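Those letters in the sequence shown? Residues 1 to 267, by the working numbering. Here a beta-carbon is modelled for each residue, glycine too, at the ideal position from N, C-alpha and C. Values in this document were obtained by computation on a predicted structure and should not be read as measured data. First up is the structure itself, then whatever we jot down about it.
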Amino acid sequence: MQLSALYRYPLKSARGESLTQSPLEALGLRGDRRWMLVEPESGRFLTQRLLPQMSQLSALYNADGGLNLSAPGFGSLKVALPQPDQDLRGVTVWRDSLRVPDAGDAAAEWLSAFIGRPCRLVQVPEARARQVDTGYAQPGDKVAFSDGFPLLLIGQASLDDLSARVGRPLEMLRFRPNLVIEGSAPYAEDGWKRIRIGELEFEVAKGCSRCILTTIDPQTGERNADREPLSTLKTYRERDGDVYFGQNLLPRGFGELRVGMPVEVLE
């Protein structure tokens, strides 16, 4: 088995970027989901679940830790990394509340115009990151703005099997993984507890429950009228009311990940 693809999503729910290599840090891949859009008053996070047009928003991580924003018909904007204690704003991600730096009015105005409603852009420094649910992780395991865990893994064979069941090829980016593994059997990752990629070890925390976001075409931003692939997943991947596809990981060491690295199941 080998690591066949790496993806990073600098801005939560915006377009992903394909990488050939990336540093692995305490919060996952460097720059992954460090930025997020929120409602100005409540601080509630905004995603494609409500705003499918976010799939057309490009937010590339730059070497300074900032963002390079672009979108069809909206040109581009470079956003500087705010200072860790600059213009702190209270935000909410699911059940977690935290205070993080606001990226300023220029970014807010540009993004509000694109999504068609007021919003603010915020960034999370490592020191302000959230604790991962200790039902699945150790105290001190942290996550940025991902839904719950710093890394998501999917086996390529699992996607191929799902595509065959749906009857058409499905894009991996519908499921927004960080790591894609090639050479395993379909859904083999469901049974893994610990793996090694190159010299780096990972703990497999829990399956990833899926939502309506998987029905949004990452190329067009349009929802599939047939609610695929969620409809098909429900026929064979539903458990206790949730539909699972992919596995959430916790890093147990830091270093460099590169596409092509060997993958070994340790437990």
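Residue i and residue j closer than 8 Å at C-beta
i	j	result
Ala127	Pro84	yes
Arg89	Val122	yes
Tyr187	Ser158	yes
Arg210	Val263	no
Pro23	Ala59	no
Leu57	Pro150	no
Arg239	Thr214	no
Through-space distance from residue j to residue i, alpha-carbon basis
i	j	result
Ser4	Pro229	22 Å
Gln138	Glu203	11 Å
Lys234	Ala63	41 Å
Val93	Phe245	21 Å
Asp141	Pro218	30 Å
Trp35	Val259	25 Å
Arg130	Glu17	24 Å
Ile197	Glu41	42 Å
Gln86	Asp32	21 Å
Leu27	Gly66	16 Å
Gln247	Ile154	7 Å
Val265	Ser76	43 Å
Thr47	Ala185	32 Å
Val91	Tyr236	36 Å
Asp190	Cys208	10 Å
Glu25	Pro101	20 Å
Ser163	Pro169	5 Å
Thr220	Glu199	38 Å
Ala71	Ile216	17 Å
Val79	Asp161	40 Å
Gly73	Met54	14 Å
Glu267	Asn224	38 Å
Gly183	Gln2	7 Å
Lys193	Arg8	23 Å
Asp133	Arg117	32 Å
Gly241	Arg30	33 Å
Glu146	Ala113	A small correction: the amino acid at residue 146 is Ser; Glu does not occupy that position in the sequence shown. Taking the straight line from one Cα to the other gives about 24 Å.
Leu6	Leu152	10 Å
Ala61	Asp105	One detail in the question is off: residue 61 reads as Tyr in this sequence, not Ala. Their Cα atoms are separated by approximately 19 Å.
Boundaries of the alpha helix (DSSP H) in which residue i is found, first to last residue
i	result
Arg194	Run containing Arg194: none in the alpha helix (DSSP H); it sits in the beta strand (DSSP E), 194-197.
Arg165	156-166
Ile181	Not the alpha helix (DSSP H): Ile181 falls in the beta strand (DSSP E), residues 179-182.
Ser94	In the sequence on display, residue 94 carries Trp and not Ser. From DSSP, Trp94 is part of no alpha helix (DSSP H); its letter is neither H nor E.
Closest Cα partner of residue i within the set the options
i	options	result
Gly43	Pro218, Cys119, Lys193	Cys119
Leu50	Asp87, Ala14, Phe149	Ala14
Ile195	Arg210, Thr220, Leu179, Cys208	Leu179
Val166	Ser231, Ile115, Ile212	Ser231
Thr20	Met261, Val265, Phe114	Met261
Asp271	Ile212, Tyr236, Pro251	Past the edges of the chain, shown from 1 to 267, lies residue 271, and the structure says nothing about it.
Leu98	Pro125, Phe114, Thr214	Pro125
Ile115	Val38, Glu238, Glu256	Val38
Ala103	Lys206, Arg95, Leu81, Asp96	Leu81
Phe256	Val79, Glu201, Leu111	Before going on, a small fix: residue 256 reads as Glu here, not Phe. Among Val79, Glu201, Leu111, the Cα nearest to that of Glu256 is on Glu201.
Ala107	Leu69, Asp133, Phe254, Phe45	Leu69
Gln156	Met172, Ser146, Gly148	Met172
Pro52	Phe254, Glu222, Arg252	Glu222
Residue range of the beta strand (DSSP E) that includes residue i
i	result
Tyr244	242-251
Thr235	Premise fails: Thr235 lies in the alpha helix (DSSP H), 230-236, not in any beta strand (DSSP E).
Glu41	No beta strand (DSSP E) holds Glu41; DSSP gives it neither H nor E.
Glu203	200-209
Ser112	Unbroken run through Ser112 is the alpha helix (DSSP H), 105-115; no beta strand (DSSP E).
Val265	263-265
Lys78	76-79
Gly255	255-258
Gln123	120-123
Gln48	Careful: Gln48 lies outside any beta strand (DSSP E) and carries neither H nor E.
Pro23	21-25
Gln2	2-8
Ser58	58-61
Leu69	67-70
Cβ of residue i within 8 Å of any chain B Cβ
i	result
Pro40	You won't find chain B in this structure, because it holds only one protein chain.
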